[in-house]
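K.L.:
Counted the way my numbering counts, the first sequence spans residues 1 to 616. For every residue, glycine included, the Cβ atom is placed at its ideal position computed from N, Cα and C. Predicted model only: the values in this text are computed from it and were never measured. Got a structure for you, written out below as structure tokens; questions coming shortly.
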Amino acid sequence: MRHAIKQALTTVVEELGYKDLNLDIVLERPADMAKGDFATSIALVLAKKASKSPLALAIEFVDKLKEKQISSIDKIEVAGPGFINFYVTRKATKEVIAKILEEGDLFGKSKNLVIGGAPKKVLYEYTDPNPFKVFHIGHLMANTIGESLARLTETQGAEVKRFCYQGDVGRHVALTIWGLRLMPEYKEGNHIGFLPDESVPLSERVAFFGKAYALGATKYKEVEDASKKAGQVNEAGLANSEEFLKIDEEVQNINKAIYFRTDPEINEIYDLGKEWSLQSFEELYQLLGTKFDRYFFESAASIDALNIIKEHTVPEGKKLFEESNGAVIFPGEKYGLHTRVLITRQGLPTYDGKEIGLAPMKYGAFQYDDGITVTANEQDDFFKVSLCILRELFPEFGSKARHISHGMLRLTTGKMSSRTGDVITGESLIASMIDLALSKMKERDMPDEDKKKAAEMIAVAAIKYTVLRQAIGKDVVFDPEKSLSFEGDSGPYLQYSCVRAKSVLDKAQREGIIEMVDVSDISVIPSETSAKLGRLENLLVRFPETLEKAQSEESPHVVATYLMELAAAFNSFYASVPIVQIDDFESRYKVAVVRAFHIVLKNGLKVLGIQVPLKM
RNA sequence: GCCGUCAUAGUUCAAUGGAUAGAACAGUCCCGUCCUAAGGGAUAGAUGUAGGUUCGAUUCCUGCUGACGGCACCA
């Protein structure tokens with residue numbers, strides 16, 4: 001029907017000869033109806049650079065439009081200066097309700113991203129936690145956003161692959177291993193004997209390595225700061241006290257040994273720590289509902305990166321990269337960017353350098369049309385440089401790679417630091433949310449197993465919704481004291497609405513009321529319920545276009561906002577009138593709308609990565 | 001210092017240059033024979049500041065103020 005309206009407008013624009021006057025349709029949005037009216041309304045604003053006022057223009061348009069027969073529209077009127085409302089027929093609305101019931105899980109899906117019969121291939125790389133470091137609530141945010149973008153893109157018909165890139169080598173790992181050596185439990189030559197054994201719960205084993213990292217990183221920084229404070233610095237302002245140079249060399253040696261796997265003892269400890277880390281990540285992914293297609297590691301990317309970079313470095317190779325102070329750099333200034341180091345003086349690739357090794361690995365695994373890396377916006381400048389390098393280096397796919405950044409999840413206490421231990425781990429946040437959900441369900445008559453399952457879903461929903469309700473570019477301020485909301489504009493509110501609808505449908509089934517949509521019956525339900533029911537219907541109709549908009553703008557919050565409105569409309573309707581009543585002639589249609597609501601809400605929540613318990 | 005992002009109600013967030021700037025939480029006041037009150041209803045409350053462009057600016061441009069991020073061997 002939207003299409004029909006657009007076409008009619010285009011025709012009218014031509015007929016009135018406004019094309020030359022540069023007249024544009026500048027807005028198209030749904031408007032809500034006066035109480036007691038049923039139809040969906042679509043408003044348009046007409047702006048122009050000509051002399052006529054928007055009001056006069058709207059009047060002129062409406063006169064002309066009334067001459068046309070637009071399918072599904074039975075009333076057109078001027079709604080204000082430049083606004084025209086199109087009233088959709090009762091029949092058309094009911095047809096959409098019937099369609100929702102028929103299509104079920106598939107309602108809302110489209111083929112917008114199918115090009116010439118082939119689905120667009122879209123890659124999302126997201127979450128990217130580092131083994132040996134904690135999976136903190138920032139990773140929770142990254143995962144939530146990446147997953148919902150991936151799901152959103154899938155609803156529009158694309159073939160989506162999910163990749164996860166993990167930093168299993170680098171200074172943080174070296175500091176962890178070094179930190180282990182500082183622990184009282186550590187004895188040289190004892191190999192892995194001092195580590196917790198497999199009977200200890202996984203989370204504690206991982207925490208042991210986390211503690212080692214904190215210890216190593218703190219000690220390293222202490223010595224560095226002491227050196228600086230004592231004025232023991234070189235020309236570049238870097239610490240150079242004897243003690244610092246000694247431990248720095250030690251850490252550098254460990255780092256190299258990890259990269260090139262030259263030390264059997266380190267390898268043994270490293271492999272175990274990495275395995276435990278990855279296992280704990282996997283447990284979280286399962287809880288969060290992410291299934292990655294492929295995992296990539298910095299250790300593997302490093303080897304390729306070193307080779308590729310050398311090929312393009314002056315004086316040996318082509319002129320993309322340069323040597324400078326013993327390091328290999330990319331002179332970004334030539335491209336209006338800043339210079340970054342790719343290979344350190346020690347001969348190890350930096351994060352920037354590794355990206356060069358990673359890119360072809362990713363493209364080799366999935367020849368995407370659109371390759372997206374989702375990270376926090378602190379990496380914006382880094383990606384500007386990195387993508388510039390990829391375009392120069394890999395003409396066949398470099399320009400297909402993109403970066404989408406999201407805001408940071410920050411605590412009211414400031415930035416998180418895994419070095420000082422001032423982090424909230426993903427696991428602990430979820431656990432405390434689960435406890436809260438369980439306490440709310442105390443009175444519910446359900447088996448403990450179901451309660452636990454439901455509490456998990458509620459906890460994840462509360463966290464995910466908090467992240468997804470706002471535009472992804474903005475920071476999320478998280479107050480660990482106030483915790484997350486289970487009321488109002490929240491994930492659990494949406495779940496609760498869905499559970500309520502299910503409960504209505506169960507009752508309808510018990511009472512033997514079979515939902516029915518009679519398209520030919522355009523009679524009106526008594527007025528006090530009509531406004532609330534009408535609003536619910538109007539919103540249901542808009543679901544497919546909401547998904548389309550959210551995907552094209554890469555904004556999951558568009559879906560979140562929509563679902564919130566939808567659930568509010570349902571709850572308002574629910575509270576105003578009994579839905580299931582055996583002697584109510586309209587009950588069958590009302591139940592049908594509730595079924596449609598249940599389907600749409602569930603489909604919408606799925607896009608956000610939120611599951612719905614049967615009871616809560 | 002340079003580059004970038006942001007500033008909407010007491011708080012946390014919405015609003016392709018257009019209709020009366022929407023919600024939620026917190027506040028005040030209502031709603032329990034009913035399909036789950038994690039709910040519903042009522043009430044009060046906001047575009048940082050000074051200009052500019054426009055018929056029209058929360059939205060675009062400039063200055064100012066404030067917050068955050070990035071800027072050579074961390075990831």
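(1) Which of the three DSSP states, helix, strand or coil, is assigned to Lys615?
(2) In terms of residues, what are the limits of the beta strand (DSSP E) holding Val78?
(3) Apart from the five residues on each side of it in sequence, which residues of its chain come closer than 8 Å, Cβ to Cβ, to Tyr186?
(4) Terminal residues of the continuous beta strand (DSSP E) containing Gln166?
(5) If you draw a straight line from the alpha carbon of Gly473 to that of Thr290, how long is it in whole angstroms?
(6) Does the beta-carbon of Thr339 have 16 or more other beta-carbons within 10 angstroms, so that it is buried, or is it exposed?
(7) Relative to the alpha-carbon of Pro118, which residue among Gly534, Thr89, Arg151, Gln156 has its alpha-carbon at the smallest distance?
(8) DSSP state of Val12, grouped into three classes?
(9) In terms of DSSP beta bridges, what is Gly371 paired with?
(10) What's the C-alpha gap between Ile463 and Gly138?
(11) Tell me whether His557 sits in a helix, a strand or coil according to DSSP, three-state version.
(12) How many Å lie between Leu614 and Gly604 at the Cα?
(13) Starting from Leu140 and walking both ways along the alpha helix (DSSP H), at which residues does that stretch end?
(14) Rounded to the nearest angstrom, what separates Met33 and Phe570 at their Cα positions?
(15) Per DSSP, which residues does Ile343 bridge with? Please list them.
(16) Pick helix, strand or coil for Leu21, following the three-state DSSP scheme.
(17) Please go through the same chain and pick out, in chain order, the residues whose beta-carbon is closer than 6 Å to the beta-carbon of Leu287, but skip the five residues on each side of it.
(18) Comparing C-alpha positions only, which one of Arg469, Val341, Glu15 sits nearest to Ala560?
(19) Taking Met361 and Ala401 to be in contact with their CB atoms under 8 Å, please state how far apart those CB atoms are, rounded to whole angstroms.
(20) What's the C-alpha gap between Leu21 and Val13?
(21) Could you tell me the alpha carbon to alpha carbon distance between Val160 and Lys120, rounded to whole angstroms?
(22) Output the boundary residues of the beta strand (DSSP E) element that contains Ile84.
(23) With three or more beta-carbon pairs closer than 8 Å as the criterion, would you say the segment 263-282 touches the segment 232-246?
(24) DSSP three-state label for Asp293, please.
(25) Can we say the segment 431-443 touches the segment 499-509, given the rule of at least three CB pairs closer than 8 Å?
P.N.:
The relevant details are as follows:
(1) coil
(2) 73-80
(3) Leu180, Phe194
(4) 159-166
(5) 21 Å
(6) exposed
(7) Checking the sequence shown, residue 118 turns out to be Ala, not Pro. Among Gly534, Thr89, Arg151, Gln156, the Cα nearest to that of Ala118 is on Gln156.
(8) helix
(9) Leu123, Ala401
(10) 11 Å
(11) helix
(12) 17 Å
(13) 137-155
(14) Bear in mind that a pLDDT of 46 at Met33, under 50, signals an unreliable position, so the number given afterwards is only what the model happens to contain. Roughly 16 Å between the two C-alpha positions.
(15) Val328, Pro349
(16) Caution is warranted here: a pLDDT of 49 is assigned to Leu21, below 50, making its placement in the model unreliable, and no coordinate value can be reported.
(17) none
(18) Arg469
(19) 13 Å between Cβ atoms; not a contact.
(20) Here Leu21 scores only 49 on pLDDT, less than 50, and its place in the model is too uncertain to base an answer on.
(21) 8 Å
(22) 83-88
(23) no
(24) coil
(25) no
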